[in-house]
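To keep things clear, I will list the structure first and then write my remarks on it.
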Amino acid sequence: MKWTEFFIPTSKEVPADAAVPSHQLMLRAGIIRQVVAGAYTYLPLGYRSLRKIEAIVREEMNAARGIELNMPAMQPLEWWELTGRAAAMGDVLVRLGSSGGDDWRARTVLGPTHEEVITEIVRAYVNSYKQLPLCFYQIQTKFRGEARPKSGVLRTREFLMKDAYSFHTCKEGDGGLDDTYDRMYAAYCAIFSRSGLPYIAVEADSGPIGGDASHEFMVPTDAGEDYLVQSEDKAYAANLERAEVAPLADEGGAADAPLTEVHTPNLGTIDEVSTFLKCEPRKMIKTIIYEANGEALVALVRGDHEVNEAKLARAAKVGMVAAADAALINKITGADVGFAGPVGLSARIIVDQAVTVMHDAVTGANKTDYHITGVNPGRDFEVTESADIRMAVKGDCAKNGSPLTFKKCIEVGHVFKLGTKYSEAMSATFLDVNGKSHPMIMGCYGIGLNRIMAAAIEAGHDEKGICWPMSIAPFQVVICALDMRVEEVSTLAGKLHDELEATGIDVLLDDRDARPGFKFKDAELIGIPIRVTVGKRGLADGIVEIQTRRTGETAKVPPLDAVDTVQKLVQAAMEADCARKTK
RNA sequence: CGGGGCGUAGCUCAGCUUGGCUAGAGCGCAGCGUUCGGGACGCUGAGGUCGCAGGUUCAAAUCCUGUCGCCCCGACCA
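Counting from 734, one number per residue, gives the positions in the first sequence under this note's numbering.
And the structure:
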């Protein structure tokens, strides 16, 4: 491809609206252009890269025995009501018409995923255990009414996803869910390795989608919105939403002071009480009232800790917890919000492990404007249910004793064991050998292709621009013909271009009538992994230069050896990218 | 959805506080000439409903009201 016949609108200026590196660079390199908040055009350069990512994903999914199909973005709202997700998703579900209307638009949504559609297909066509297992996948545009799109293509309202859905008669054994789950997990590792991403697979919370196992694939970068918690010895890694901590030891040295009520007028927060009583937050017990299944559920954590609602819900064995409203808090505690405490409280209480080893703590008195000091768990209130229900924090250790580290990261893939939530809701059943009916057991497996692209840029760029992994670079090689007016230069550059193209390498020939510095800057900005420089100065010495973008290493070779050298570099780079997996 | 910020040329921005002639700069773009191994230079030129609507005024990019859009922080996030 010749630069003058292609379309690469680069820019020197840093776009004012872009905050994160991948967004800035994608705009500057002419990869994307925003159309509205949360939706982008992929310009030719960007689309080449996206198609390469798509090709890798498709190859690996096929290799993992997935079968591809295509489903519509438009779906009936009715199916989303069947599974309860219309309500669960709320405004995130994009509707064609206003919910007040009663025409087809009001009954149609744009799919944020396709569990309902695929389950309906299986319900319609699959009746027997003999037809299972099945694993479908699609690579398609999806829609989510994100309240706040951000960070370029990392969080958008329209995006390209690979979603796979598997259907089984059983969890374990031949053809079972576990089998496919493991195969998908392995395929994901292959996909992210081949895409040149430094990724980490972690235990994740499965959230309201339900299911009993889930892993996320994370790429560490400051632009991410998730936190990865990893032990220093790398033996443990999890999403912050799920990360477990080692129990804290009893610090002892307690006087086990008597209970004392203190007046704390209008002081309802940990900070206020802590300052007023000159008592560190870590010496206080935070009492949070939740509502679960229509009943009050009380969580106790140390004053300097936060409740992890996902962990709390799991520990309490309830589907979901929601913060209680003031009325419920008042009813349970007999006090205004801000003065709740465990002493004398009659409700189901889950005590965080860190609270169980506290002594002489300060907490609410269940009496407006009063707190109590000298609170000792076990002595002053019964600890009937204790669990790890808090967010991990700096200083915590994994269960094996290794200290935990925290990194921001982007989620690029997620695999779930779904179970029978959708098959039951939509009656996707099969008959077993005995003619007995069962709901199918399902798994689902998603990858955000746009995020792979952004993550690759986040993980691979420098002050000059993008450093693409070879496998997903829009072009693998760029030839800078330094002065197209010089006959030998343009002839040789054209010849190298044709020869490289003939060997199957994606090569871009910068044949513009521009000065050398201009071409170098552009080549670096758009991040082509290998640059071949053809100039009359080099030709006078009988050489062309071959430079690697990522390292800056330069080889000077005779023109006749150039194609061979480039081929070897491309090959080596592909292999090196595959080895970049961090864990 | 709460808090903050910003809408002026393709891009980055000035002008607005204190209303006043034909709305500016740099980059980019077009023509001509010089230049050509790290974003060259000179001359000439094109390009604007100042987000939109209403209001105040002799006069509005500037003041007022409304509205739409975009970005950031937070909440939310299968």
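All C-beta atoms in this analysis are idealised placements derived from N, C-alpha and C, irrespective of residue type, glycine included.
Asked                                                                                                                                                                             : Found
Kindly indicate which three-state DSSP category Y932 falls into: helix, strand or coil?                                                                                           : coil
Quick check: L843 and V855, are their CB atoms within less than 9 angstroms of each other?                                                                                        : no
Do you know offhand how far T1315's Cα is from L1030's?                                                                                                                           : Because T1315 sits at a pLDDT of 49, beneath the cut-off of 50, its placement in the model cannot be relied upon, and the following sentence gives the value as read from the coordinates. Whole-angstrom Cα-Cα distance: 40 angstroms.
Report yes or no: do the segment 1092–1101 and the segment 1007–1021 share at least 3 C-beta pairs separated by less than 8 angstroms?                                            : yes
Identify whether T1315 lies in helix, strand or coil by the three-state DSSP scheme.                                                                                              : Note that T1315 has pLDDT 49, beneath the 50 cutoff, so the model's placement of it is unreliable and no number is given.
Who are the near neighbours of E1257 in its chain, counting only those whose CB is closer than 6 angstroms to its CB and skipping five residues on each side?                     : K1197 and G1198
To the nearest angstrom, how far is the alpha carbon of F876 from that of T841?                                                                                                   : 13 angstroms
Taking S964 as the reference, give the member of N1133, A749 and Y870 with the closest Cα.                                                                                        : N1133
Taking contact to mean 3 or more Cβ pairs, one atom from each stretch, closer than 8 angstroms, check whether the segment 1074–1084 and the segment 961–981 are in contact.       : no
Would you tell me roughly how many angstroms separate the C-alpha atoms of V1299 and I786, rounded to the nearest one?                                                            : 22 angstroms
So, is L1293 buried or exposed, given that buried needs 16 or more other C-beta atoms within 10 angstroms?                                                                        : exposed
Quick one: grab the DSSP three-state call for T774.                                                                                                                               : strand
Specify the secondary structure class of V1051 as computed by DSSP and reduced to three states.                                                                                   : coil
Can you give the Cα-Cα distance for V1267 and T737, rounded to whole angstroms?                                                                                                   : 17 angstroms
To the nearest angstrom, how far is the alpha carbon of E848 from that of Y898?                                                                                                   : 7 angstroms
Does DSSP put A1120 in a helix, a strand or coil?                                                                                                                                 : strand
Mapping DSSP to helix, strand and coil, what is P1388?                                                                                                                            : Residue 1388 is absent from the structure shown; the chain starts at 734 and stops at 1316.
Here's the rule I'm using: 16 or more other beta-carbon atoms within 10 Å means buried, otherwise exposed. How should W837 be labelled?                                           : exposed
Count the other CB atoms, across all protein chains shown, that sit within 10 Å of the CB of D955; report buried if there are 16 or more and exposed otherwise.                   : exposed
If you count every other CB in all the chains shown that lies within 10 Å of the CB of Y870, and 16 or more means buried, which is it?                                            : buried
Count the C-beta pairs between the segment 1171–1185 and the segment 1137–1156 that are closer than 8 angstroms, then say yes if the count reaches three, no if not.              : yes
I need the boundaries of the alpha helix (DSSP H) containing G1386, first residue and last residue.                                                                               : Residue 1386 lies beyond the residue range present for the chain, which begins at 734 and ends at 1316; the question has no answer from this structure.
Going by the beta-carbon positions, is the gap between V1303 and I1238 smaller than 9 angstroms?                                                                                  : yes
CA-CA distance, Q873 and E879?                                                                                                                                                    : 18 angstroms
Could you tell me the boundaries of the alpha helix (DSSP H) in which Q757 lies?                                                                                                  : P754 to R761
Determine the burial state of H996: buried for a count of at least 16 other Cβ atoms within 10 Å of its Cβ, exposed for fewer.                                                    : exposed
Extract the residue ranges of the beta strand (DSSP E) inside the segment 1037–1091, only unbroken runs of 3 or more that lie entirely within it.                                 : 1081–1085
For I1083, I'd like the list of residues in its chain whose CB is within less than 8 angstroms of its CB, leaving aside the five on either flank, ordered along the chain.        : L1030, V1031, A1032, L1033, L1045, A1048, A1049, E1118, S1119, A1120 and I1122
Candidates I1276, D1102, R1282 and R1283: which alpha carbon is nearest K1289's?                                                                                                  : I1276
Excluding the 5 residues preceding and the 5 following S1135 in the sequence, name in chain order all residues of the same chain whose CB lies nearer than 8 angstroms to its CB. : S964, E965, D966, A968 and Y969
With G1107 as the anchor, note down where its beta strand (DSSP E) starts and where it stops.                                                                                     : Y1103 to V1108
Just to confirm, is the Cβ distance from I1174 to G1193 under 9 angstroms?                                                                                                        : no
Where does Q1280 land, buried or exposed, given buried means 16+ other C-beta within 10 angstroms?                                                                                : buried
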